[in-house]
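Numbers in our numbering are just positions in the sequence shown, counted from 1, shifted up by 140. Step one of this worksheet: look at the structure below.
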Amino acid sequence: MAQNSKGIETAEIITDQCMGCQICVAECPVGAIEMMEGTAHIDPELCIGCGKCQEVCPVSAVRFEKTEKRLEADKEIKKTTKSLQERSDVAVYIEVREGRGAEVSWELVGKAHELAVKGNGRVIGFLLGHGIHHVIEEAVAYGCDEVTSSTIPFSTAIPQKPSATP
Ligand code: SF4
Ligand code: SF4
């Protein structure tokens, strides 16, 4: 990472790749780029690290880590957003009878699991009631990836999936 004496991260020209089009010279807001023997050169002490030269260079002859890191981060965000958009989570209401999850609910969770797998999503179970922590374990065992209830805070109701399914 190139830095000038002011601690600003600066851009650098990869002279071997520069074809001397001078686009960056015209775009630099502080006149930090000049042409020397047909290639662009940046004065690091004048450079303010705006990254404009890298954006406009048609042959990627400018190295500027800050922009590269930002672009990488943008790519990662886009990738994550895309996978979230493509994901189809399935929600299931889990009925509790006499302190246990109703059999019919586990059948629904099973079906939801099949659907969720097809849609690259997760099964989210919803529980209503008091003193039903143990039903969360059951729900996970039957195929829920996440369980929330009306009495347990959402963030604490995500149990680890057990390795064995009954
Ligand atoms: S990073 Fe900005 S200030 Fe530095 S040389 Fe490129 S265009 Fe000029
Ligand atoms: S825009 Fe790129 S190719 Fe053109 S002069 Fe600047 S560094 Fe060289």
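Just so it is clear, CB atoms sit at the ideal spot from N, CA and C, and this is done for glycine as well. Only a predicted model underlies this, so the values are computations on that prediction, with no experimental measurement involved.
Beta-carbon proximity of residue i to residue j, cut-off 8 Å
i	j	result
residue 244	residue 235	yes
residue 173	residue 193	yes
residue 189	residue 152	no
residue 265	residue 232	yes
residue 267	residue 230	no
residue 273	residue 263	no
residue 180	residue 165	yes
residue 167	residue 202	no
residue 215	residue 191	no
Range of the contiguous beta strand (DSSP E) that encloses residue i
i	result
residue 180	179–182
residue 195	It is not in any beta strand (DSSP E) - residue 195 instead sits in the alpha helix (DSSP H) that spans 192–196.
Terminal residues of the alpha helix (DSSP H) in which residue i lies
i	result
residue 94	Summary: the structure shown does not reach residue 94, with the chain confined to residues 141 through 306, and so no result is reported for it.
residue 173	That residue, residue 173, is in no alpha helix (DSSP H); its beta strand (DSSP E) goes 173–176.
residue 201	Here residue 201 belongs to no alpha helix (DSSP H), and DSSP marks it neither H nor E.
residue 142	Element bounds for residue 142: n/a, residue is neither H nor E.
residue 275	273–282
residue 164	163–167
Residues bridged to residue i [DSSP beta-bridge criterion]
i	result
residue 265	232 and 287
residue 154	Its beta-bridge partners do not exist; DSSP assigns none.
residue 227	In DSSP, residue 227 forms no bridge with anything.
residue 149	143
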